[in-house]
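Asks: Please find one structure pasted underneath; my questions will follow.
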Amino acid sequence: MNTMSAKGPGESGLHNRIAVLRAERGISRQQLADAMDVNYQTIGFLERGDYSPSLKLALSLAEYFALPVEAIFSRQPFQPLSRQVYGSGIAKAKQKSEPEYEDSE
Amino acid sequence: MKTEFVLFGKHFNMASQDRRRRLVILIYAGLAVLLFLATCGYANLLLILAFVIVARLLGGRSYKCGLLPPFESGDERERLRRNQAYYVAYKWWDLTLLPALLAVGLKNNQFYQAWHPVLQNFIDNLPYGLLVASGILYYTLPQAILLWTEPDMETDFSSS
């Protein structure tokens with residue numbers, strides 16, 4: 001599983017996609033922290049799932065990334081984005097690319 | 106929380122939890138020695154001076170210097186951690202007053218007169234020393250708990 005897409009839950013019990021969203025948009029922790037008006041260390045704690053944000057901060061993050069809050073935080077582990085986008089096609093392609101070994105005996 | 110502090114022009118990296126814990130141990134060991142000396146009738150001024158330095162070094166409260174930002178400021182996680190530290194620090198703090206009360210009782214016993222004058226002097230000053238210890242704990246314990254419990258901090262804040 002892509003660890004960038006399924007951070008956490010750490011101590012908070014919440015999974016989140018902050019790190020992957022930040023990497024995707026080329027935003028540093030400091031930039032995100034400035035936008036959210038929090039310490040950059042708090043962004044690190046959030047990404048590692050060691051801190052549950054307040055509703056206000058969670059909604060601010062959702063607003064910042066222009067995504068619904070459930071796309072950023074979840075109580076269940078996130079599926080890798082590639083699997084979500086391409087669905088089971090990846091699994092089928094993987095099956096095709098793997099050679100089938102026949103029993104020689 | 107700051108990840109480093111400057112003392113006499115030297116920069117000390119305090120991002121690591123291990124280092125912060127060693128600092129807390131060093132501070133309380135130093136204060137305990139000075140407190141013992143003060144109880145014996147020496148180093149009273151030194152204790153006050155050391156306490157002022159420690160209070161400034163730890164920060165918190167309303168100081169702008171020190172490892173911890175003023176407790177009035179900080180983001181939501183820092184305020185949450187501060188509140189937890191206060192709760193833990195003061196949950197049992199009143200018990201630290203008990204030794205001082207018991208020390209008063211030491212003076213009022215039948216064996217007091219038989220003790221060595223040096224010991225009598227120590228016993229006379231013991232309630233004072235223990236009350237000062239309670240005061241020091243009252244003032245520094247929340248900060249010490251924060252320094253002790255905060256995990257390793259990231260120093261490279263520009264990393265994406």
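In the order they appear, the protein sequences are chains V and L. Letter 32 of the first sequence, counting from 1, is numbered 32 in the numbering used here, and no numbers are missing. Letter 2 of the second sequence, counting from 1, is numbered 107 in the numbering used here, and no numbers are missing. Where is the CB? At the ideal position from N, CA and C, for every residue including glycine.
1) Can you find the residues in the same chain that come closer than 6 Å, C-beta to C-beta, to Arg125/L, ignoring five residues on each side of it along the sequence?
2) In this structure, does DSSP put Gly240/L in helix, strand or coil?
3) Helix, strand or coil, according to DSSP, for Ala19/V in the structure here?
4) Count the other CB atoms within 10 Å of the CB of Pro247/L; is the residue buried (16 or more) or exposed (fewer)?
5) Got a sec: is the Cβ-Cβ distance from Asp180/L to anything in chain V below 7 Å?
6) Any beta carbon of chain L sitting closer than 7 Å to that of Tyr51/V?
7) Which residues in chain V sit within 8 Å of Glu109/L, going by Cβ to Cβ distance?
8) Which class does Val111/L belong to by DSSP, given the choice of helix, strand or coil?
9) Straight-line CA distance for Ile250/L to Phe176/L?
10) Please classify Arg182/L: is it buried, with 16 or more other beta-carbons within 10 angstroms of its beta-carbon, or exposed?
11) From Gly26/V, Ser82/V, Phe73/V, Arg83/V, pick the residue whose C-alpha is nearest to that of Arg48/V; which is it?
12) If you measure from the beta carbon of Ser265/L to each beta carbon in chain V, is any gap under 7 Å?
13) Comparing alpha-carbon positions, which option in Ala33/V, Phe45/V, Ala19/V lies nearest Met258/L?
14) Does the Cβ of Gly210/L have 16 or more other Cβ atoms within 10 Å, making it buried, or fewer, making it exposed?
15) Are the Cβ atoms of Leu154/L and Gly165/L separated by less than 7 Å?
16) Would you tell me roughly how many angstroms separate the C-alpha atoms of His116/L and Val159/L, rounded to the nearest one?
17) In this structure, does DSSP put Ser74/V in helix, strand or coil?
18) So, with DSSP's three-state summary, where would you put Leu139/L?
19) On a Cα-Cα basis, can you pick out the residue from Gln122/L, Ala194/L, Ser178/L that is closest to Gly240/L?
20) Taking Cβ-Cβ distances shorter than 8 Å, what residues in chain L pair up with Val38/V?
21) To the nearest angstrom, how far is the alpha carbon of Leu151/L from that of Leu142/L?
22) Measuring CA to CA, which of Tyr244/L, Asn213/L, Gln218/L is closest to Pro232/L?
23) Closer than 7 Å, Cβ to any Cβ of chain V: which residues of the segment 112–125 of chain L, in chain order?
24) Once the 5 residues before and after Tyr86/V are set aside, which same chain residues still bring their CB inside 8 Å of it?
25) Output, in chain order, the set of chain L residues within a Cβ distance shorter than 8 Å of Leu57/V.
Replies: Answer, in terms of the structure:
1) Answer for Arg125/L: Met119, Leu252, listed in chain order.
2) helix
3) helix
4) buried
5) By this cut-off, Asp180/L is an interface position.
6) yes
7) Those do not exist, as Glu109/L stays about 13 Å from chain V at its closest Cβ, beyond 8 Å.
8) strand
9) 14 Å
10) buried
11) Phe73/V
12) Because Ser265/L carries a pLDDT of 47, less than 50, the predicted location of this residue cannot be relied on, and no value is offered for it.
13) Comparing Cα positions, the closest option is Phe45/V.
14) exposed
15) no
16) 17 Å
17) strand
18) helix
19) Ala194/L
20) Neighbours of Val38/V on chain L, chain order: Asp180, Glu181, Arg182.
21) When rounded, the separation of the alpha-carbon atoms in Leu151/L and Leu142/L is 10 Å.
22) Comparing Cα positions, the closest option is Asn213/L.
23) none
24) Correct list: empty, nothing qualifies.
25) Glu181
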